[in-house]
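Numbering (this note's numbering), first residue to last: 148 to 500. The next block holds one structure in the form of structure tokens; read it before the comments.
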């Protein structure tokens with residue numbers, strides 16, 4: 148008997164049950180997945196407690212206690228920010244998210260993007276810091292939660308992108324000193340963990356500066372995050388530059404361009420297109436690495452969780468539900484960035500075709 152054509156073997160069932168042994172394993176795996184999903188649904192939905200009543204959660208004790216999210220959502224989202232002033236970080240982070248959405252929307256004109264960002268960033272810091280227009284001053288050490296995470300990531304990307312582009316181009320420079328300095332910068336920051344860089348920015352930099360030169364710790368941490376992200380982006384972009392054929396530069400030079408023009412107008416746009424998946428992977432990684440600022444007493448989302456739950460013995464047993472809530476926020480942000488990256492790749496592929 149001749150073998151079946153390849154088309155008749157495709158599909159879900161032939162893949163799961165190609166023979167008796169693999170079919171048995173597929174049945175066992177599907178049974179385990181069904182069992183796990185049923186118990187997760189039973190715990191998270193069917194027997195869950197959604198009201199902020201710790202005594203009821205303890206009394207029933209069989210399902211998730213989502214009441215901890217209802218009770219502690221403001222502390223989880225805004226950290227140590229003064230309770231009566233928490234409308235300010237809510238408005239501030241809403242402005243940032245609006246600016247991000249407008250920027251990422253493919254049909255928004257460049258003038259609209261600039262018009263959104265110009266007031267959004269000053270308004271964010273004005274609302275968070277206060278001290279003017281009748282707003283109560285709030286020091287940066289009390290900023291926390293989602294606004295701090297959003298600010299750290301957005302400004303880290305804003306610092307990392309130009310740093311990554313310049314160092315990647317510098318490593319291809321014809322000047323040995325520039326190549327050496329850029330290589331040392333990249334290898335130094337990539338060769339140490341981010342925690343050590345944050346400790347250096349928080350505790351060592353003030354010792355190296357004169358006493359009168361006081362720099363806010365949040366600013367030092369922000370710059371450290373941006374430079375760390377820039378070192379990783381530099382390697383992504385350098386890989387994209389190496390993927391551009393040498394004939395592109397020769398063709399640009401033959402058309403009368405200078406080497407600098409060829410680098411910026413011909414090589415770099417193609418390199419960024421090649422490096423786009425790796426760059427967004429670095430952006431997503433940088434977003435998750437903002438959690439490490441907790442070690443220097445800046446309480447972003449995960450740090451605010453420890454403040455909200457760890458200091459309250461009544462709700463401390465329900466830390467799992469709080470972690471799932473914070474994890475959902477991180478997953479939504481990272482998944483959105485991933486989907487946007489895929490869409491941007493398709494649009495760029497369509498325009499270059």
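All C-beta atoms, glycine included, are put in the ideal place defined by N, C-alpha and C.
Per-residue burial, residue i [other beta carbons within 10 Å of its own, 16 or more giving buried]
i           : result
residue 180 : exposed
residue 369 : buried
residue 434 : buried
residue 407 : exposed
residue 300 : buried
residue 176 : exposed
residue 311 : buried
residue 429 : buried
residue 218 : buried
residue 356 : exposed
residue 275 : buried
residue 318 : buried
residue 228 : buried
residue 379 : buried
residue 468 : buried
Residues bridged to residue i (per DSSP)
i           : result
residue 292 : 447
residue 196 : 212
Residue i versus residue j - alpha carbon distance
i           : j           : result
residue 307 : residue 366 : 15 Å
residue 246 : residue 260 : 7 Å
residue 349 : residue 373 : 14 Å
residue 163 : residue 462 : 44 Å
residue 474 : residue 455 : 16 Å
residue 154 : residue 166 : Only weak support is given to the placement of residue 154: the predicted model assigns it a pLDDT of 48, under 50, and the value that follows is read from those uncertain coordinates. The alpha-carbon atoms of residue 154 and residue 166 are separated by roughly 17 Å.
residue 174 : residue 193 : 26 Å
residue 320 : residue 326 : 6 Å
residue 244 : residue 294 : 10 Å
residue 204 : residue 251 : 42 Å
residue 263 : residue 249 : 8 Å
residue 158 : residue 497 : 29 Å
residue 337 : residue 484 : 23 Å
residue 169 : residue 161 : 10 Å
residue 224 : residue 322 : 49 Å
residue 414 : residue 395 : 7 Å
residue 334 : residue 419 : 21 Å
residue 343 : residue 202 : 43 Å
residue 585 : residue 417 : As displayed, the chain neither begins before 148 nor continues past 500, which places residue 585 out of reach and without an answer.
residue 352 : residue 226 : 26 Å
residue 445 : residue 346 : 12 Å
residue 182 : residue 189 : 11 Å
residue 470 : residue 254 : 36 Å
residue 431 : residue 481 : 6 Å
residue 328 : residue 450 : 36 Å
residue 360 : residue 187 : 54 Å
residue 222 : residue 464 : 17 Å
Local conformation of residue i per DSSP, three classes
i           : result
residue 263 : helix
residue 230 : helix
residue 356 : coil
residue 181 : helix
residue 318 : coil
residue 252 : coil
residue 275 : helix
residue 164 : coil
residue 497 : helix
residue 404 : coil
residue 461 : coil
residue 170 : helix
residue 189 : helix
Spatial neighbours of residue i in its chain, beta-carbon cut-off 6 Å, leaving aside the 5 residues before and after
i           : result
residue 390 : 421
residue 296 : 437, 447 and 448
residue 303 : 372, 373, 376 and 433
residue 425 : 383
residue 198 : 214
residue 287 : 363 and 365
residue 309 : none
Spatial neighbours of residue i in its chain, beta-carbon cut-off 7 Å, leaving aside the 5 residues before and after
i           : result
residue 315 : 381, 384, 385 and 388
residue 242 : 267, 270 and 271
residue 341 : 375, 436 and 439
residue 195 : 210, 211 and 213
residue 487 : 251
residue 409 : 396, 399 and 400
Beta-carbon proximity list for residue i, same chain, < 8 Å, skipping 5 on both sides
i           : result
residue 489 : none
residue 305 : 373
residue 277 : 232, 235, 283, 284 and 285
residue 280 : 273
residue 492 : 423 and 424
residue 119 : Outside the shown range of the chain (148 to 500) lies residue 119, about which nothing can therefore be said.
Any C-beta of chain C under 8 Å from that of residue i
i           : result
residue 415 : The question asks about chain C, but that chain is absent: this structure has only one protein chain.
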